[in-house]
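Okay, so here's the structure we're looking at.
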Amino acid sequence: MTTIILYTVLTLSIIGVLSAIVLYFVAQKFKVYEDPRIDQVETALPGANCGGCGFAGCRAFAEACVNKGELTDLFCPVGGNDCMSGVANILGIEAEKKDPRVAVVRCNGTCEHRPKTNFFDGPVSCAIAASLYSGDTGCQYGCLGCGDCVVACDFDAIYMNQVTGLPEVDDEKCVACGACVKACPKTLIELRKKGPKDRKIYVACRNQDKGGVARKSCAVACIGCSKCEKECKYDAITIANNLAFIDADKCKLCRKCAPVCPTNAIIELNFPPRKVVLTEQPVSAPEKPIEVPVSAEPKSSAI
Amino acid sequence: MLKSFKIGGVHPAENKLSASKAIEVLALPKTVFIPVGQHIGAPAEVVVKKGDKLLVGQLIAKTSGFVSANIHSSVSGTVKKVETGPDTSGYQKMGVYIDVEDDLWDEQIDRNNEIKSAITLDSAAILAKIQEAGIVGLGGATFPTHVKLIPPKGMKAEVLLINGVECEPYLTSDHRLMLEHGEELIIGIRLLMKAMNVNRAAIGIENNKPDAISEMIKLAYRHTNISVVPLRVKYPQGGEKQLIKAVTGREVPSGALPISVGAVVTNIATTFAVYEAVQKNKPLFERVVTVTGKSVKNPSNYKVRIGTTISELIEAAGGLPENCGKIINGGPMMGKAFANTEIPVTKGTSGILMMPEKESKRGETMPCIRCSRCVSVCPMGLEPYLLMTLSEKQIWESAENEKIMDCIECGSCSYTCPANRPLLDYIRLGKGKVGALMRSRKP
Amino acid sequence: MSKLFTISPSPHVHSGDSVNKIMYGVILALVPAFIWSVVMFGLDSVRVTLIAVAACVVFELLIQKFILKVKPQIADGSAALTGVLLAFNVPASVPSWMLIVGALVSIGIAKMPFGGLGNNPFNPALVGRVFMLISFPVQMTSWPVAGSFGVDAVTTATPLAILKEGVKNGQPVIEIFKNLPTNMDLLIGNMAGSLGEISALALIIGGLFMLVRKIITWHIPVSVMLSAAIFSGIFWLIDPAKFADPIFHLITGGLILGAFFMATDMVTSPMNPKAQIIFGAGIGILTILIRLWGAYPEGISFAILIMNAMVPLLNRYVKPKRFGEVNIQSTKG
Chain A
24 MTTIILYTVL
34 TLSIIGVLSA
44 IVLYFVAQKF
54 KVYEDPRIDQ
64 VETALPGANC
74 GGCGFAGCRA
84 FAEACVNKGE
94 LTDLFCPVGG
104 NDCMSGVANI
114 LGIEAEKKDP
124 RVAVVRCNGT
134 CEHRPKTNFF
144 DGPVSCAIAA
154 SLYSGDTGCQ
164 YGCLGCGDCV
174 VACDFDAIYM
184 NQVTGLPEVD
194 DEKCVACGAC
204 VKACPKTLIE
214 LRKKGPKDRK
224 IYVACRNQDK
234 GGVARKSCAV
244 ACIGCSKCEK
254 ECKYDAITIA
264 NNLAFIDADK
274 CKLCRKCAPV
284 CPTNAIIELN
294 FPPRKVVLTE
304 QPVSAPEKPI
314 EVPVSAEPKS
324 SAI
Chain B
9 MLKSFKIGGV
19 HPAENKLSAS
29 KAIEVLALPK
39 TVFIPVGQHI
49 GAPAEVVVKK
59 GDKLLVGQLI
69 AKTSGFVSAN
79 IHSSVSGTVK
89 KVETGPDTSG
99 YQKMGVYIDV
109 EDDLWDEQID
119 RNNEIKSAIT
129 LDSAAILAKI
139 QEAGIVGLGG
149 ATFPTHVKLI
159 PPKGMKAEVL
169 LINGVECEPY
179 LTSDHRLMLE
189 HGEELIIGIR
199 LLMKAMNVNR
209 AAIGIENNKP
219 DAISEMIKLA
229 YRHTNISVVP
239 LRVKYPQGGE
249 KQLIKAVTGR
259 EVPSGALPIS
269 VGAVVTNIAT
279 TFAVYEAVQK
289 NKPLFERVVT
299 VTGKSVKNPS
309 NYKVRIGTTI
319 SELIEAAGGL
329 PENCGKIING
339 GPMMGKAFAN
349 TEIPVTKGTS
359 GILMMPEKES
369 KRGETMPCIR
379 CSRCVSVCPM
389 GLEPYLLMTL
399 SEKQIWESAE
409 NEKIMDCIEC
419 GSCSYTCPAN
429 RPLLDYIRLG
439 KGKVGALMRS
449 RKP
Chain C
5 MSKLFTISPS
15 PHVHSGDSVN
25 KIMYGVILAL
35 VPAFIWSVVM
45 FGLDSVRVTL
55 IAVAACVVFE
65 LLIQKFILKV
75 KPQIADGSAA
85 LTGVLLAFNV
95 PASVPSWMLI
105 VGALVSIGIA
115 KMPFGGLGNN
125 PFNPALVGRV
135 FMLISFPVQM
145 TSWPVAGSFG
155 VDAVTTATPL
165 AILKEGVKNG
175 QPVIEIFKNL
185 PTNMDLLIGN
195 MAGSLGEISA
205 LALIIGGLFM
215 LVRKIITWHI
225 PVSVMLSAAI
235 FSGIFWLIDP
245 AKFADPIFHL
255 ITGGLILGAF
265 FMATDMVTSP
275 MNPKAQIIFG
285 AGIGILTILI
295 RLWGAYPEGI
305 SFAILIMNAM
315 VPLLNRYVKP
325 KRFGEVNIQS
335 TKG
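Chains as they are written, first to last, in this note's numbering: chain A, 24 to 326; chain B, 9 to 451; chain C, 5 to 337.
Set out below in structure tokens:
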């Protein structure tokens with residue numbers, strides 16, 4: 024009995040030692056040098072592997088940061104400026120500062136505003152619905168409401184409002200990774216500057232039809248009347264293809280454009296309630312000048 | 009046992025309600041909207057402007073590339089506007105609106121009903137006529153015919169196959185054409201053979217149309233190089249690759265064109281259009297459309313000018329039935345559903361099918377029970393259940409390896425799935441993505 | 005527009021087939037065998053079947069409602085079918101509580117944890133049955149003598165058990181066969197055995213019904229039976245004194261039940277004809293291997309479960325014949 028145990032233990036030990044030796048030499052032979060800073064940078068990153076930076080996961084981003092030696096065009100939207108300055112510290116270089124951004128859904132075609140013209144009886148997938156036809160309402164540019172953006176979001180930051188049938192973004196949770204922007208077949212979602220106190224003004228419409236056609240399909244469609252363009256003192260609003268667009272970098276959040284819109288297509292978020300009589304003074308001045316213009320305006324000419 | 013293709017296939021209820029109805033000519037519409045992108049390939053370029061006076065058959069948009077097709081006016085009148093309008097997909101497409109005045113035809117068109125059987129033109133001239141007339145595959149795919157007839161370098165067509173299968177349930181327009189215009193079809197076939205320099209042609213007809221088979225056999229009798237092949241009824245026999253397999257036994261390799269096995273397939277309606285274009289100088293501006301449905305008062309086959317709104321067709325067939333829940337452009341297996349009936353008939357409109365409400369909704373989707381029916385009915389020998397999962401999970405590389413691009417979108421898998429899974433929907437999505445991926449890889 | 009038209013991607017027609025129709029079709033196909041079991045074992049077989057079905061359905065309902073918190077889907081008939089198959093694989097005399105434990109294993113361990121209908125890798129009824137066989141070997145191998153109704157039923161052994169015992173003791177097969185029912189009796193089902201497996205004839209009728217209704221295809225049953233017959237036939241030809249003939253192997257035990265109803269379980273069988281034939285052949289050979297040299301007299305349950313484990317591999321590496329998978333040269337001419 025004892026001998027059996029002895030032999031067993033002995034054999035296993037020998038096998039173990041032999042394997043260890045083999046492994047050691049193999050590891051030595053096939054060792055790949057890796058910059059230790061890659062690991063450090065990776066630890067400094069959020070580790071969400073969301074791909075919002077444009078790389079396949081945090082490690083790939085860390086490699087890119089280390090290999091490039093500078094941080095221009097490299098930005099982790101999830102970690103934001105704090106995270107990037109941490110990365111910059113490790114690498115001993117300067118980090119770019121970017122304004123935090125957040126996703127906004129540029130469609131306000133709720134069931135009430137935009138009557139259904141047909142009943143979609145296919146799989147619940149915007150991609151499939153969009154490749155099949157223009158959508159279950161009269162508006163070919165509007166939200167399909169199947170929630171591909173909700174599925175795409177890794178952070179539970181976007182959800183379907185069951186009453187309106189439109190997705191809504193939770194500003195607190197949104198990290199501007201851009202997954203929903205890519206998922207939306209109608210390119211309705213835009214990453215927009217978060218703004219002071221999360222205040223945002225934007226045109227919640229992507230309808231490029233002529234005014235009459237747009238109006239017919241949706242009560243809150245932008246009809247391209249250019250009233251807001253005239254009202255804006257900062258040249259922040261441009262009209263192209265019968266559609267207004269507010270440049271978040273030029274916009275001073277003066278709130279003058281919203282009341283003039285005949286179709287209420289301009290949405291103000293997180294502002295205090297408007298006084299009944301409009302004052303001439305801008306409500307809030309921007310707190311700091313904008314350094315890097317970041318426009319997520321999808322190329323409307325390509326659509 | 010009659011010939012058919014080997015792998016897979018289904019047999020949906022045929023419902024050929026309008027098979028015994030002769031082709032009627034629909035009354036001229038008041039206005040037409042003729043989209044300029046009615047074919048696969050680049051949309052044609054508009055060559056008319058607002059206020060122009062047009063004759064029937066006059067060119068209104070010319071091809072903008074090799075894979076493109078001319079568009080001709082189907083009516084005479086004044087151009088109202090050149091603007092976008094909705095098509096079956098609901099998206100706005102560029103097109104020409106014409107107010108109809110009178111019915112004045114271009115003088116070059118031979119309006120004589122006499123059948124002109126002498127073939128005087130040579131191959132190149134026939135091809136030029138076909139291209140000039142803007143003929144595209146009228147079976148529904150709308151691929152420009154002249155492109156198909158000119159084989160790529162190094163390949164030679166050996167046999168011309170005429171698709172008289174009409175495997176889609178409900179549709180009968182090709183059936184009626186064979187019965188009523190058989191003689192013209194034979195001339196069309198001879199023209200196509202001459203254009204491509206092939207000396208063999210075969211007409212594949214499913215044996216649910218015995219009258220058409222005997223009619224075509226009778227007419228083809230004088231031409232030893234044209235044969236009629238009766239085929240066992242099986243969907244999707246009208247698919248190019250399936251038809252070639254069924255008639256010639258040859259199998260088009262994966263990813264290749266039918267020409268790689270020396271075959272060129274054209275549809276009955278296309279062949280008729282070729283006859284009219286070459287012998288009668290008549291461009292493609294009208295086609296036969298089946299208007300049908302179980303509760304439609306008067307299921308019929310109409311000869312319609314391109315650009316006529318579909319609502320007019322529906323009215324002619326007895327109006328929209330009370331219980332209609334879905335309107336389909338094409339057949340029930342591959343057609344497209346649409347909701348707006350104020351859209352024009354285009355070159356690809358082979359039928360308008362109105363489904364009763366209770367047949368228009370899909371059943372409840374259940375989990376896949378791995379019954380493998382989708383695999384056994386797939387005419388391309390693919391595994392639809394797997395392709396659907398891969399598309400759903402967005403694993404595009406694997407989908408490509410599983411030959412997702414071979415899918416012909418016939419719908420046999422979704423048709424047969426006992427769990428009502430949207431197999432084809434996801435496969436189609438995957439095909440789009442994988443196709444884009446493959447194109448992006450090419451330098 | 006008052007009424008909205010439906011828009012959906014093509015195809016716009018459906019074969020009308022459904023999961024429910026398939027499940028209830030299989031249950032219907034099991035009716036002849038059930039009737040025969042009532043003839044043989046009386047009300048006991050009704051008791052066993054009802055309890056098994058009820059237990060499976062209730063367990064599935066409870067799990068879906070309280071653990072998974074999804075909409076219960078028991079109407080699809082899959083749980084009921086598992087119940088029937090479980091009942092068919094146990095002796096008619098099995099105690100009710102034991103059956104309930106078996107049902108819990110079938111549904112609660114073999115089916116629902118994997119995601120319910122369509123996702124279980126192993127045939128739930130067989131997992132339940134094998135669990136019972138290993139846990140309660142005595143009760144699971146005491147076979148009531150046919151026709152002797154009542155609690156104090158006399159128990160006997162199955163033909164396969166008699167054969168195994170005899171061969172172990174060195175008796176020649178011809179001697180053993182003298183104590184066994186005739187082939188005719190075996191075919192009709194006049195023998196001891198599990199509730200539903202005894203009558204090969206009734207099962208074949210059910211199997212043919214499923215074939216005609218296109219619920220199953222011929223690939224799996226034929227390859228199971230053919231491979232079992234060939235494999236056992238080889239040994240019978242080598243030494244008829246030691247091995248029983250293939251006909252005997254085919255019509256005894258659960259081979260027919262397994263071939264038509266258990267191996268063809270859609271969820272746990274491969275997805276294309278080629279793979280199905282390999283799958284069936286594996287079952288046939290494994291069954292005979294276990295019967296001839298294994299510890300148990302009957303091996304179809306184990307054989308099916310082992311091959312179930314192979315299904316993902318088969319699906320991955322055995323592909324259906326693709327259209328156009330030929331080189332251009334061979335098609336010309």
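Where is the CB? At the ideal position from N, CA and C, for every residue including glycine.
Cβ neighbour criterion (16 or more within 10 Å) applied to C88 (chain A): Taking the first sequence and counting its residues from 1, the one referred to as residue 88 (chain A) is at position 65. It counts as buried.
Taking the Cβ atom as the reference point for each residue, do P387 (chain B) and I412 (chain B) lie within a distance shorter than 9 Å? Counting from one through the second sequence, the residue named residue 387 (chain B) turns up at place 379. Counting from one through the second sequence, the residue named residue 412 (chain B) turns up at place 404. No, these two residues do not count as a Cβ contact at 9 Å.
Please confirm if F181 (chain C) has its CB atom under 9 Å from at least one CB of chain B.
Position 177 of the third sequence, counting from 1, holds the residue named residue 181 (chain C). For F181 (chain C), the answer is no, since every Cβ of chain B falls outside 9 Å of its Cβ.
Give me the chain A residues within the contact set of L8 (chain C), using Cβ-Cβ distance strictly less than 9 Å, ordered along the chain.
Residue numbering aside, residue 8 (chain C) sits at position 4 when the third sequence is read from its first letter. Ordered by position in chain A, the residues that pass the 9 Å Cβ test against L8 (chain C) are K139, T140, N141, F142, D159.
Of all the CB atoms in chain C, is at least one closer than 9 Å to the CB of G168 (chain A)? Here residue 168 (chain A) refers to the residue found at position 145 when the first sequence is read from its first residue. At a cut-off of 9 Å between beta carbons, G168 (chain A) makes no contact with chain C.
According to DSSP, is I326 (chain A) helix, strand or coil?
By one-based count along the first sequence, residue 326 (chain A) stands at place 303. Because the pLDDT of I326 (chain A) is 36, which lies under 50, any placement of that residue in the model is unreliable, and the number read from its coordinates should be weighed accordingly. In the structure shown, I326 (chain A) sits in coil (DSSP, three-state: anything other than H, G, I, E or B).
Q.
For the beta strand (DSSP E) containing I116 (chain A), name the first residue and the last one.
A. Walking along the first sequence from the start, residue 116 (chain A) turns up at place 93. If you look at I116 (chain A), you'll find it isn't in any beta strand (DSSP E); DSSP assigns it neither H nor E.
Worksheet item: Taking the continuous beta strand (DSSP E) assigned at N187 (chain C), which residues delimit it?
Response: Residue 187 (chain C) sits at position 183 when you count from the first residue of the third sequence. According to the DSSP assignment, N187 (chain C) belongs to no beta strand (DSSP E) but to the alpha helix (DSSP H) extending over 187 to 192.
message = Is it the case that the stretch 138 to 154 of chain B contacts the stretch 265 to 279 of chain B, given that we only count it when at least three CB pairs across the two stretches are under 8 Å?
response = When Cβ pairs closer than 8 Å are counted between the two stretches, the stretch 265 to 279 of chain B is seen to touch the stretch 138 to 154 of chain B, the count reaching three or more.
- prompt: Exposed or buried, which one is G257 (chain B) when buried takes at least 16 other CB atoms within 10 Å?
  reply: As a first step, residue 257 (chain B) is located in the second sequence; it is residue number 249 there, counting from the start. G257 (chain B) should be labelled exposed.
Identify every run of the alpha helix (DSSP H) within the stretch 64 to 140 of chain A, keeping only runs that are complete inside it and at least 4 residues long; order them along the chain. Runs found: 81 to 91, 103 to 114.
When DSSP labels each residue in this structure, what does A313 (chain C) get in the three-state scheme? Residue mapping note: residue 313 (chain C) aligns to position 309 of the third sequence, counting from 1. When DSSP states are grouped into helix, strand and coil, A313 (chain C) belongs to the helix group.
Buried or exposed for T186 (chain C), going by 16 or more other Cβ atoms inside 10 Å?
As a position in the third sequence, residue 186 (chain C) is number 182, starting the count at 1. Answer is exposed; the Cβ neighbour count stays below 16.
Note to self: Is there a C-beta anywhere in chain A that falls below 9 Å from the one on I26 (chain C)?
What the structure shows: Counting from 1 along the third sequence, the entry for residue 26 (chain C) is found at position 22. No, no contact with chain A.
*Count the other CB atoms, across all protein chains shown, that sit within 10 Å of the CB of T25 (chain A); report buried if there are 16 or more and exposed otherwise.*
On the first sequence, residue 25 (chain A) is found 2 positions in, with the first residue counted as 1. It is exposed - the Cβ of T25 (chain A) has fewer than 16 other Cβ atoms within 10 Å.
Give the residues of chain A in contact with G98 (chain B), contact being defined as C-beta atoms less than 8 Å apart. Taking the first residue of the second sequence as 1, we reach residue 98 (chain B) at position 90. Chain A residues near G98 (chain B): Y156, S157, G158, Q163.
So, helix, strand or coil for M102 (chain B), using DSSP? Counting from 1 along the second sequence, the entry for residue 102 (chain B) is found at position 94. Three-state DSSP puts M102 (chain B) in a strand.
Q: Can you give me, in chain order, the residues of the stretch 184 to 216 of chain A that have a beta carbon less than 8 Å from any beta carbon in chain B?
A: Those residues of the stretch 184 to 216 of chain A that come within reach of chain B (Cβ to Cβ, closer than 8 Å) do not exist; the list is empty.
Query raised in the report: For a contact meaning CB atoms closer than 9 Å, what does I151 (chain A) contact in chain C?
Result: Against the first sequence, residue 151 (chain A) aligns to sequence position 128. For the C-beta of I151 (chain A), the chain C residues within less than 9 Å are, from N- to C-terminus, P13.
Helix, strand or coil for K273 (chain A), going by three-state DSSP, please let me know.
Residue 273 (chain A) sits at position 250 when you count from the first residue of the first sequence. K273 (chain A) falls in the coil class under three-state DSSP.
Where Y229 (chain B) falls, given that 16 or more other Cβ within 10 Å makes a residue buried: As a position in the second sequence, residue 229 (chain B) is number 221, starting the count at 1. Label assigned to Y229 (chain B): exposed.
Contact set for C278 (chain C): own chain, Cβ-Cβ below 7 Å, skip 5 residues either direction
Here residue 278 (chain C) is taken as the residue at index 274 of the third sequence, counted from 1. Cys is not the amino acid found at residue 278 (chain C); the sequence shown has Lys there. Here the set comprises V322, P324.
Residue interval of the alpha helix (DSSP H) (run including N409 (chain B)): For the purposes of this step, residue 409 (chain B) is taken as the residue at position 401 of the second sequence. First-last of the alpha helix (DSSP H) with N409 (chain B): 404 to 409.
- [ ] Determine, using beta carbons only, whether S198 (chain C) comes closer than 9 Å to chain B.
- [x] As a first step, residue 198 (chain C) is located in the third sequence; it is residue number 194 there, counting from the start. For S198 (chain C), the answer is no, since every Cβ of chain B falls outside 9 Å of its Cβ.
Counting only C-beta atoms, is Y393 (chain B) closer than 9 Å to chain A at any point? To locate residue 393 (chain B), count along the second sequence from 1; it is residue 385. Using a Cβ-Cβ cut-off of 9 Å, Y393 (chain B) does not count as an interface residue toward chain A, since no Cβ of chain A sits closer than that to its own.
**Item:** Beta-carbon neighbours of V23 (chain C), restricted to chain B and to distances below 9 Å
**Value:** To locate residue 23 (chain C), count along the third sequence from 1; it is residue 19. Under the 9 Å cutoff, chain B gives M374, P375, I377, C379, P426, A427, N428.
CB contact check: E329 (chain C) to chain A, cutoff 9 Å
Counting from one through the third sequence, the residue named residue 329 (chain C) turns up at place 325. With its beta carbon at least 9 Å from every one in chain A, E329 (chain C) lies outside the interface.
message: Does chain A have any CB closer than 9 Å to the CB of R370 (chain B)?
response: Here residue 370 (chain B) refers to the residue found at position 362 of the second sequence. Judged by the 9 Å Cβ criterion, R370 (chain B) is in contact with chain A.
Does the stretch 13 to 26 of chain C come into contact with the stretch 164 to 178 of chain A, if we say contact requires no fewer than three beta-carbon pairs (one atom in each stretch) closer than 8 Å? The answer is no - the stretch 164 to 178 of chain A does not touch the stretch 13 to 26 of chain C, with fewer than three Cβ pairs under 8 Å.
Checklist entry - According to the neighbour-count rule (16 or more other Cβ atoms, all chains shown, within 10 Å of its Cβ), is I39 (chain C) buried or exposed? => result What you label residue 39 (chain C) is simply residue 35 of the third sequence in a count that begins at 1. Burial check for I39 (chain C): the Cβ neighbour count within 10 Å stays below 16, so the residue is exposed.
(request) Return helix, strand or coil for A271 (chain B), following the three-state DSSP convention. (result) Locating residue 271 (chain B) in the second sequence gives position 263, counting from the first residue. Reduced to three states, the DSSP call for A271 (chain B) is strand.
Q) From P59 (chain A) to C99 (chain A), what does the alpha carbon distance come to, in whole angstroms? A) Residue mapping note: residue 59 (chain A) aligns to position 36 of the first sequence, counting from 1. Residue mapping note: residue 99 (chain A) aligns to position 76 of the first sequence, counting from 1. The C-alpha of P59 (chain A) lies about 20 Å from the C-alpha of C99 (chain A).
Select from the stretch 255 to 275 of chain C all residues with a C-beta closer than 7 Å to any C-beta belonging to chain B, and list them in chain order. For the stretch 255 to 275 of chain C, the set of residues with a beta-carbon nearer than 7 Å to any beta-carbon of chain B comprises M270, V271, M275, in chain order.
- prompt: What are the boundary residues of the beta strand (DSSP E) that includes N184 (chain A)?
  reply: Counting from 1 along the first sequence, the entry for residue 184 (chain A) is found at position 161. Run containing N184 (chain A): 181 to 184, per the beta strand (DSSP E) assignment.
Quiz prompt | Secondary structure, beta strand (DSSP E): runs of 3+ residues fully inside the stretch 143 to 187 of chain B | solution = Listed in chain order, the complete beta strand (DSSP E) runs (minimum 3 residues) inside the stretch 143 to 187 of chain B are 167 to 172.
### Task
Drop a sphere of 10 angstroms on the beta-carbon of S42 (chain A), count the other beta-carbons inside from all chains shown, and report buried for 16 or more, exposed for fewer.
In the first sequence, counting from the first residue as 1, residue 42 (chain A) sits at position 19. Burial is judged here by how many other beta carbons sit within 10 angstroms of a residue's own beta carbon; S42 (chain A) has fewer than 16 and is exposed.
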